[in-house]
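Reading through the structure tokens given below for one structure.
Residue numbers (my numbering): 8 to 355.
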């Protein structure tokens with residue numbers, strides 16, 4: 008659940024209170040003008056200097072904030088009087104800023120954090136329209152100085168009305184908090200391929216008139232392995248580092264029982280060395296050649312996965328692909344072939 012915990016002292020110390028919804032007046036909560044540090048869980052929050060979301064403000068994203076940052080030359084420590092939770096969908100943000108009032112003059116469409124110095128629009132913005140997300144427009148570069156918050160669907164036609172005309176130098180999209188991901192493997196859509204990897208081969212030709220019986224033994228040290236990977240869709244909203252469990256994967260024995268913790272940007276593999284001895288009895292009739300193969304199976308599996316993502320009280324669905332390459336224990340296979348002889352009776 009999205010929440011903000013506000014502390015009386017710095018470094019998350021002293022009296023504290025946790026809120027999960029907008030607070031228009033902290034006086035009624037007995038916590039006015041005393042906040043020195045903050046812990047945010049989930050979606051960002053805006054902290055305002057005055058009640059009813061007025062005055063200077065600062066935007067804080069998920070994490071621990073041991074002190075409050077400066078806003079326009081001075082700190083807002085012990086000066087916060089209202090709190091607002093950002094509930095907008097913060098995926099794929101977009102804002103259009105304009106050089107003149109009422110969407111006039113040069114226009115610049117932004118979808119990510121931007122320094123207006125590099126866009127030729129520094130201190131030249133007079134209006135904006137927000138297509139999606141929530142944005143903070145700062146007076147100075149590197150997210151400093153006075154700021155205004157612009158939310159999805161908002162159209163501000165004239166910055167003169169708020170005393171902010173030709174003042175913007177930096178534009179920043181607020182980022183969503185961490186999400187909860189639940190993964191479901193769609194095993195009914197599994198694609199599997201199997202390849203035999205030969206370890207040893209023995210052959211024996213029975214050129215006698217009697218049946219021959221013997222035992223073939225293979226003693227070999229080999230590696231059993233399982234390599235797990237997860238491929239996200241190209242348009243995924245999940246950032247690098249996000250992690251979630253994927254239950255019911257293929258383990259090193261080729262069974263469906265383990266759990267693979269998916270971390271975006273990583274591949275997991277497990278290797279186990281085994282010294283294995285396998286014996287197989289062979290009976291070879293006269294005029295027959297026996298070929299004994301010892302092999303292991305290499306199995307490649309590809310399965311679609313449905314991801315249910317909960318972020319900021321909203322639920323999204325994405326798809327990905329779980330891939331596994333694994334090997335099995337040693338197997339044996341015996342082939343019997345007729346012996347083709349020459350005219351003198353000797354085998355070819």
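Cβ atoms here follow ideal geometry from the backbone N, Cα and C, with glycine treated the same way.
Asked	Found
Using C-beta distances below 7 Å, list every residue in its chain close to residue 19, excluding the 5 sequence neighbours before and after it, in chain order.	44, 46, 71, 73
Could you check what DSSP says for residue 344 in three-state terms: helix, strand or coil?	strand
Please classify residue 318 as buried or exposed, where buried requires at least 16 other C-beta atoms within 10 Å of its C-beta.	buried
Counting C-beta neighbours from all protein chains within 10 Å, is the total for residue 123 16 or more, i.e. buried, or is it exposed?	buried
Helix, strand or coil, according to DSSP, for residue 30 in the structure here?	strand
Counting Cβ pairs, one atom from each stretch, are 3 or more of them under 8 Å apart for the stretch 26–42 and the stretch 89–97?	yes
Secondary structure at residue 109, three-state DSSP: helix, strand or coil?	helix
My output table needs one value for residue 218: the three-state DSSP class, helix, strand or coil.	coil
May I ask you to list the residues that DSSP assigns as paired with residue 54?	65, 90
Would the beta-carbon of residue 151 fall within 8 Å of that of residue 110?	no
What residues match up with residue 192 in a beta bridge as DSSP calls it?	312
Could you tell me the distance, in whole angstroms, from the CA atom of residue 8 to the CA atom of residue 94?	12 Å
What are the start and end residues of the beta strand (DSSP E) that includes residue 11?	10–16
DSSP puts residue 116 in a beta bridge; with which residues?	103
Could you check whether residue 86 and residue 56 sit closer than 8 Å to each other, using their CB atoms as the reference points?	yes
Helix, strand or coil for residue 35, going by three-state DSSP, please let me know.	helix
Just the C-alpha distance for residue 310 and residue 332, rounded to the nearest angstrom, thanks.	12 Å
Check residue 337 in the structure and name its three-state DSSP category.	coil
Pick out whichever of 169, 185, 160 has its Cα sitting closest to the Cα of residue 154.	169
Measure how close the beta-carbons of residue 49 and residue 184 come, nearest whole angstrom, since I'm counting them as under 8 Å.	4 Å
From residue 218 to residue 196, what does the alpha carbon distance come to, in whole angstroms?	49 Å
Which of the three DSSP states, helix, strand or coil, is assigned to residue 209?	strand
Mind checking who residue 124 pairs with in its DSSP beta bridge?	DSSP, once it has assigned bridges, lists no residue as partnering residue 124.
For the structure I just gave you, are there three or more beta carbon pairs, one from the stretch 237–252 and one from the stretch 331–346, closer than 8 Å?	no
Thinking residue 156 and residue 104 are a contact (beta carbons under 8 Å), I'd like their distance in whole angstroms, please.	Their Cβ separation, rounded to whole angstroms, is 14 Å, which puts residue 156 and residue 104 out of contact at 8 Å.
Helix, strand or coil: which one does DSSP assign to residue 363?	This structure cannot speak to residue 363, because the chain is shown only from 8 to 355.
With 16 other CB atoms within 10 Å as the buried threshold, where does residue 247 fall?	exposed
Taking residue 106 as the reference, give the member of 84, 120, 175, 145 with the closest Cα.	175
Applying the criterion that 16 or more other CB atoms from any shown protein chain within 10 Å of the CB defines a buried residue, is residue 180 buried or exposed?	buried
For residue 17, tell me which candidate among 149, 83, 212 has the shortest Cα-Cα distance.	83
Give the single residue among 129, 199, 220, 194 whose Cα lies nearest to the Cα of residue 146.	129
Are residue 213 and residue 266 close, meaning C-beta to C-beta below 8 Å?	no
Is residue 41 helix, strand or coil when you go by DSSP?	coil
One question on the structure: do residue 314 and residue 324 come within less than 8 Å of each other, judged by their Cβ atoms?	yes
Please list the terminal residues of the continuous beta strand (DSSP E) segment that includes residue 83.	Segment: none, residue 83 is in no beta strand (DSSP E) and carries neither H nor E.
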